[in-house]
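Enquirer: Please see the structure below; I have some questions.
In the working numbering, the protein residues as written are 60 to 338.
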C-alpha cells in the first residue's frame, strides 16, 4: 500500500474562526464527527471558497476600477459590477449552507474548545481521500504533513537501468525484514527507489506534486523540493506476495490521474491496480 504525502499551506485557522466559539467551551465531542460526510463537505466547500477568493483577488489586480460605472438595481440600490470570472457570492453561499448543515447535526461544535475543534478538523483532513483530492484540484501546497504518520526522512537510491532497480527490489522482497519500497521512473530515464524512516511491510510513502500547467507529477523530498526536474513516467511499490491492489492503492491511483502507479512483485512481475499485467 503506497501512501502519498501531499505538499500545502495551513488551512486549519480558516475553518476554526469561521465556526466560532462561545466563551465557555467543552472538551467533549463525538469522535464520529471526524468521519462524518458533513464535516468533510464543509471543509471541501471551505477550500473551494478560499481558493476562489484567492483567484478573485488576483483578477481584481487587472481591473481598472476607475472605468467601472455604478448602476441601480431593481430595488434602487447603487451597485458596481466587477468583471471577474469568479462568483464569490455563490461560493460563499454554498459554504454557508454546508456550515449550517454541519452545525445542525453537531450543535456541540459551537461550544467545543478551539483546540479540540481543531483536532477534529485535522482528523478529518488527515483521513479523507476526498479532501486530499480537493487539495490537489485547488493546488494547495502544504508546509506540514497531511498524513497522521509522515516520514521525517527519505532515502533515494539511483540506478542506471531498470534491471538494476528490479534486482534491488527483489532483494528487498526476499529480505526477512521486508519493508515496502517504491520505484520511481522519470521521463528523462532517471530511475530511483524510495524508502522512508517509517516504511513497514504493508506501507510505503512518497511525496508528489502536480504541476498545474502540464498536469504532470513530480517527486518531492520531505521539505517539498523536487528530487528531479523531470516529470515522473510511472511509479511502482512492492508487494511481497502477488496479491491484488488494496483499496488504498486503488484510491491513490484514482487521485493521481495521468500517473501510472503499479505494483511490483518478485522477479519483475508488475501489474496495475486493476490486475492487468504490465510486464
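Using N, Cα and C, we set each Cβ at its ideal position, and we do this for glycine too.
1. For residue 244, name the three-state secondary structure that DSSP assigns.
2. Taking the beta strand (DSSP E) that residue 160 falls in, what are its first and last residues?
3. Hey, could you find the ends of the beta strand (DSSP E) residue 295 is sitting in?
4. Could you tell me which of 330, 246, 258 sits nearest to residue 212, measuring between CA atoms?
5. Classify residue 158 as buried or exposed, calling it buried when 16 or more other Cβ atoms lie within 10 Å of its own Cβ.
6. Do residue 160 and residue 99 have their beta-carbon atoms positioned less than 8 Å apart in this structure?
7. Suppose you measure from the CA of residue 171 to the CA of residue 286; what does that come to, to the nearest Å?
8. Where does residue 95 fall in DSSP's three states?
9. Please confirm whether residue 276 and residue 290 have their CB atoms less than 8 Å apart.
10. Could you tell me whether the Cβ atoms of residue 92 and residue 193 are closer together than 8 Å?
11. Can you name the start and end residues of the alpha helix (DSSP H) that residue 265 belongs to?
12. Which residue wins for smallest C-alpha separation from residue 240, given the options 137, 234, 253?
13. Using C-beta distances below 7 Å, list every residue in its chain close to residue 292, excluding the 5 sequence neighbours before and after it, in chain order.
14. Am I right that residue 273 and residue 231 are in contact with their C-beta atoms under 8 Å? What's the rounded C-beta distance?
15. Hey, out of 223, 132, 150, 138, whose CA is closest to residue 112's CA?
16. Does the beta-carbon of residue 336 have 16 or more other beta-carbons within 10 angstroms, so that it is buried, or is it exposed?
17. Under DSSP, the alpha helix (DSSP H) around residue 308 begins and ends at which residues?
18. Should the stretch 116–133 be regarded as contacting the stretch 216–230, the criterion being three or more beta carbon pairs within less than 8 Å?
19. Any idea which residues DSSP pairs residue 253 with across the strands?
20. So for residue 220, helix, strand or coil by DSSP?
21. To which residues of the same chain is residue 108 closer than 7 Å at the C-beta, ignoring the five residues directly before and after it?
22. Find the nearest neighbour of residue 222 within the set 141, 196, 251, judged by alpha-carbon distance.
Expert: To lay it out plainly:
1. strand
2. Here residue 160 belongs to no beta strand (DSSP E); instead the alpha helix (DSSP H) covers 147–164.
3. 291–297
4. 258
5. buried
6. no
7. 42 Å
8. coil
9. yes
10. no
11. That residue, residue 265, is in no alpha helix (DSSP H); its beta strand (DSSP E) goes 263–269.
12. 253
13. 244, 245, 246
14. About 32 Å; that fails the 8 Å criterion.
15. 150
16. exposed
17. 306–314
18. no
19. 215, 241
20. coil
21. 150, 151, 154
22. 251
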